[in-house]
Structure formats: structure tokens, C-alpha cells
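I have placed the structure first, in the form of C-alpha cells, so that the comments after it can refer back to it.
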Amino acid sequence: MMSTRSWPFDPALPRRDHGFFGPESPSWKVWTHPTALIGFQRAVTLEHFDPMLTAAVADADGIYTDPRGRLDGTLSYFLVVAVGDSRTAIETSELLMRVHARATGIEPISGQRYAANDPDSQLWIHVTGWHSVLKAYEMFGPGPLSPEDEDRYWAECVVAAELQTCSPADVPASRRAVREYFEQVRPRLCTSERARRGMHYLLRTEGGRGRWPLWATSRMLAPATLATLPRWMRALGGFDQPAALDRAVVPAARAVVRATRSPAAMQTVLGGTLPMTRSVLRWHFANPVAEIAATVTPAEARERLRSEG
């Protein structure tokens, strides 16, 4: 988890460039839509199907002691990579990898050693994140992207993976490839007592001092999040939701999404729950013009940082 003291993002600075994707990209469109909150809850829940990630999350204990901080740090990272300028995205990713490098231990069921920076686990995080946010956009937002935009979205997903430890060559680059990836990894996915505790906690976070906005938001999102899950994921995770609620929640969630579509409304929703994410989103909408109106690759961004010292 990143704290605001160590976070490289500075909302007072202007946008240096258009980052990796730019204002016409489907990534900017999808990741700044209100549906991204539903997709994010889906993604952090599904992360627990990876037993190594479950062990890392459980040993850190952060989602229970500081759920807002842990979730805020994760979503703000994804958002910075998608819409931030290249320097901030690179610095944020390098900080996150340093933090994750300390997260190692033993997965108690298999007895194998886990590492939060393990490429396979990082790939699962990355794919479930980008897939879940698009899934929520399609179900509760404007609907499917055009074929051209969808191709570009998955190409941008591959680029974003360059900021993590997984190999971009392993990242599925189409909807069909995502399905094949899920089928490939499905045999090693599993749950445990700790995994189910984590998943259900993230769907309906407990209240307490400073947690009531997150308590309310998580419970509002949970029915919509569960409605996006295929049957095999529900069975594996122990998620029980009637089909009638699945059907009813879609128009209800769409209405809420429409009501919160404006930048001001989105920032209001995030204000009490995810302040770091709100800060990134506010900066994004306040800085549509970049000092350098161009995109760069992660490799070019790293080289620029090296040359600047």
C-alpha cells in the first residue's frame, strides 16, 4: 500500500504529457467512468482466487486494519497508469514494486513461498483489473466499445503491463484471449477460509470509525458486482445471489451510474471513500491539456527519467 507521504503523484503539478494512451483512448474513457468502481470491487474480490495473493493479503492484514487505505492505493495506481502523465505513472509503479518486494512469506496450505511481485500473480491482478473494469462499463455504462476501440483497449492493457513484473507477451490482447487465459489458469484457482473471508469482506466491508462511507459504498456496489460473475466463479467463491436480484440490479445500477456521470458527482462519491483516487480523478479532469501533447511508451518514459536524473 502507498501512503500519501510517499506517493509520487502531486495534484498541484500540470500534466506533463498524455501518458501512454491519450485523450482519445478507450482506456481514458473506461477507467474514468463511474462504472470503474464496480469493476474495481470485482477485481479485488477475484484476486483472492490466486492462493499466493490470498496469503500475501492475509499476512499483511491491511484490508482489515486499513481497508480504505489499501483499496485507495490500489485503485489510484490503476488510474494513474491509465490516465496520468508518463513520469508519474513510472514513478508510482516503481514505488509499488518496491513496496511489494517486501511482501514475501509462506502460503500455508501448499507450503510454497509466495512473493507479491511474482509474475504469475501480477498477471492475474492485471488481467482481472482491466477485464473487470471493462465488464462493468459494458453492463452498467454505455455498453460495448466499438470493435476498433475494443481492439485498442486490449492493446493498451498490454502496454500497461509493462509497469508490472509480468511479461507483456503473456497478457491476453483480445476478448477471446482473455477467455482462453481464464480457462488456462482456472485449474490452479482455489479458495480457502482466508480467501473467502477476504472476498466477502471486500464485497461488504465492516463499519467502524472512519469506515462508514466505505461500509455503505461497498454494500451498494456488491449486488451489481456479483451480477457480473459467471456461475463457476460464484460457486468457487461461495457467492449466493438470486437470479431475480441479478436482473433487477442492472437497471438500478445503470440509473445510479447516469446520476453520477459528471466529474463533480464522481468526485463527491469518492470524497469520503477513496480520497487518493478522487485526487487523481480531479487532477485528470482539471488538466485536459498537456505541456507536451503527445503519448510515450513506458520504455521512452523510463529513458527520459534516467536522462533527467
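First residue of the sequence shown: 24, per the numbering used here; consecutive thereafter.
Glycine residues also receive a C-beta, built at the ideal position from the N, C-alpha and C atoms.
Euclidean distance between Cα positions of residue 300 and residue 96
Taking the first residue of the sequence shown as 1, we reach residue 300 at position 277. Taking the first residue of the sequence shown as 1, we reach residue 96 at position 73. Going by the C-alpha atoms only, they are around 8 Å apart.
Whole-Å CB distance - residue 137 paired with residue 50, under 8 Å assumed
The residue given as residue 137 occupies position 114 in the sequence shown. The residue given as residue 50 occupies position 27 in the sequence shown. At roughly 30 Å, the Cβ-Cβ gap does not stay under 8 Å, so residue 137 and residue 50 are not in contact.
Which class does residue 172 belong to by DSSP, given the choice of helix, strand or coil?
As a first step, residue 172 must be located in the sequence shown, where it is residue number 149. In the structure shown, residue 172 sits in a helix (DSSP, three-state: H, G or I).
If residue 110 and residue 314 are in contact, beta carbons under 8 Å, what's the gap, nearest whole angstrom?
Counted from its first residue, the sequence shown places residue 110 at position 87. Counted from its first residue, the sequence shown places residue 314 at position 291. Their Cβ separation, rounded to whole angstroms, is 11 Å, which puts residue 110 and residue 314 out of contact at 8 Å.
Entirely within the segment 232-288 and at least 4 residues each: give me those alpha helix (DSSP H) ranges in chain order.
235-250, 254-260 and 266-282
Could you give the first and the last residue of the continuous alpha helix (DSSP H) run that contains residue 209?
In the sequence shown, residue 209 corresponds to position 186, counting from 1. It is not in any alpha helix (DSSP H) - residue 209 carries neither H nor E in the DSSP assignment.
Between which two residues does the alpha helix (DSSP H) containing residue 77 stretch?
Position 54 of the sequence shown, counted from the first residue, corresponds to residue 77. Per DSSP, residue 77 belongs to the alpha helix (DSSP H) from 74-83.
Throw me the rounded Cβ distance for the residue 66 and residue 152 pair, which I believe falls under 8 Å.
As a first step, residue 66 must be located in the sequence shown, where it is residue number 43. As a first step, residue 152 must be located in the sequence shown, where it is residue number 129. 4 Å between Cβ atoms; contact.
So, is residue 147 buried or exposed, given that buried needs 16 or more other C-beta atoms within 10 angstroms?
Position 124 of the sequence shown, counting from 1, holds the residue named residue 147. The residue in question, residue 147, is buried, as its Cβ has 16 or more Cβ neighbours within 10 Å.
Candidates 270, 218 and 293: which alpha carbon is nearest residue 98's?
As a working mapping, residue 98 is identified with position 75 in the sequence shown. Closest in C-alpha terms to residue 98, from the list 270, 218 and 293, comes 293.
Can you tell me which of the three DSSP states residue 148 falls into?
Counting from one through the sequence shown, the residue named residue 148 turns up at place 125. If DSSP states are grouped into helix, strand and coil, residue 148 belongs with the helices.
Boundaries (first-last residue) of the alpha helix (DSSP H) holding residue 68
Here residue 68 is taken as the residue at index 45 of the sequence shown, counted from 1. 58-69 is the extent of the alpha helix (DSSP H) around residue 68.
Can you find the residues in the same chain that come closer than 7 Å, C-beta to C-beta, to residue 295, ignoring five residues on each side of it along the sequence?
Indexing the sequence shown from 1 puts residue 295 at position 272. The answer, listed in chain order, is 236.
Whole angstroms is fine: what's the gap from residue 202's alpha carbon to residue 311's?
The residue given as residue 202 occupies position 179 in the sequence shown. The residue given as residue 311 occupies position 288 in the sequence shown. Going by the C-alpha atoms only, they are around 35 Å apart.
With contact counted as at least three CB pairs below 8 Å, one residue from each stretch, are the segment 269-287 and the segment 41-58 in contact?
yes
Straight-line Cα distance separating residue 37 from residue 162
The residue labelled residue 162 in the question sits at position 139 within the sequence shown. The residue labelled residue 37 in the question sits at position 14 within the sequence shown. Distance between the alpha carbons of residue 162 and residue 37 is about 34 Å.
Nearest to residue 191 by CA position, among 181, 198, 222 and 200, is which residue?
Start at 1 with the first residue of the sequence shown, and residue 191 comes out as number 168. The candidate whose alpha carbon is nearest that of residue 191 is 181.
What is the DSSP secondary structure of residue 24, counted as helix, strand or coil?
As a position in the sequence shown, residue 24 is number 1, starting the count at 1. Interpretation of residue 24 is limited by its pLDDT of 47, a score under 50 that renders its predicted location unreliable; the figure taken from the coordinates is listed afterwards. Looking at residue 24 - three-state DSSP - the assignment turns out to be coil, as it is neither helix nor strand.
Please look up how many angstroms separate the CB atoms of residue 78 and residue 131, rounded, as I've assumed it's under 8 Å.
On the sequence shown, residue 78 is found 55 positions in, with the first residue counted as 1. On the sequence shown, residue 131 is found 108 positions in, with the first residue counted as 1. In this structure, residue 78 and residue 131 form a Cβ contact; the two beta carbons are roughly 7 Å apart against a cut-off of 8 Å.
Nearest candidate by alpha-carbon position, reference residue 260, set 120, 242, 216 and 243
If you number the sequence shown from 1, residue 260 lands on position 237. It is 216.
Let me confirm a value: residue 170 is counted as buried when at least 16 other C-beta atoms fall within 10 Å, else exposed. Which label applies?
Position 147 of the sequence shown, counted from the start, is the residue given in the question as residue 170. By the neighbour-count rule (16 or more Cβ atoms within 10 Å), residue 170 is not buried but exposed.
For residue 128, which of helix, strand or coil comes out of DSSP?
The count along the sequence shown starts at 1 and reaches residue 128 at position 105. Reduced to three states, the DSSP call for residue 128 is strand.
Is the distance from the Cβ of residue 102 to the Cβ of residue 244 below 8 Å?
The residue given as residue 102 occupies position 79 in the sequence shown. The residue given as residue 244 occupies position 221 in the sequence shown. It is not a contact, given that the beta carbons lie outside the stated cut-off.
May I ask you to verify whether the segment 84-93 touches the segment 203-214, counting CB pairs closer than 8 Å and requiring at least 3?
no
Tell whether a beta-carbon distance below 8 Å holds between residue 272 and residue 250.
Along the sequence shown, read from residue 1 onward, the residue named residue 272 stands at position 249. Along the sequence shown, read from residue 1 onward, the residue named residue 250 stands at position 227. Taking a C-beta distance under 8 Å as the contact criterion, residue 272 and residue 250 qualify as a contact pair.
Using a Cβ-Cβ cut-off of 6 Å (strictly less than) and excluding sequence neighbours within five positions of residue 269, which residues of its own chain qualify?
Taking the sequence shown and counting its residues from 1, one reaches residue 269 at position 246. These residues qualify, in order along the chain: 250.
Skipping 5 residues on each side, what residues in its chain have a beta carbon closer than 7 Å to that of residue 31?
The residue given as residue 31 occupies position 8 in the sequence shown. The residues are 111, 114, 115 and 118.
Drop a sphere of 10 angstroms on the beta-carbon of residue 159, count the other beta-carbons inside from all chains shown, and report buried for 16 or more, exposed for fewer.
Against the sequence shown, residue 159 aligns to sequence position 136. With 16 or more other Cβ atoms within 10 Å, it is buried.
Counterpart residues of residue 138 in DSSP-defined beta bridges:
Sequence index remark: in the sequence shown, residue 138 carries index 115 (1-based). Note: residue 138 is bridge-paired with 127 in the DSSP secondary-structure output.
With a 10 Å radius around its C-beta and 16 neighbouring C-beta atoms as the bar for buried, classify residue 74 as buried or exposed.
Numbered from its first residue, the sequence shown carries residue 74 at position 51. Residue 74 should be labelled buried.
In whole angstroms, what is the alpha-carbon distance linking residue 198 and residue 319?
Within the sequence shown, numbered from 1, the residue matching residue 198 stands at position 175. Within the sequence shown, numbered from 1, the residue matching residue 319 stands at position 296. Each residue's Cα considered, the two are about 25 Å apart.
For residue 40, three-class secondary structure by DSSP
Residue 40 sits at position 17 when you count from the first residue of the sequence shown. Reduced to three states, the DSSP call for residue 40 is strand.
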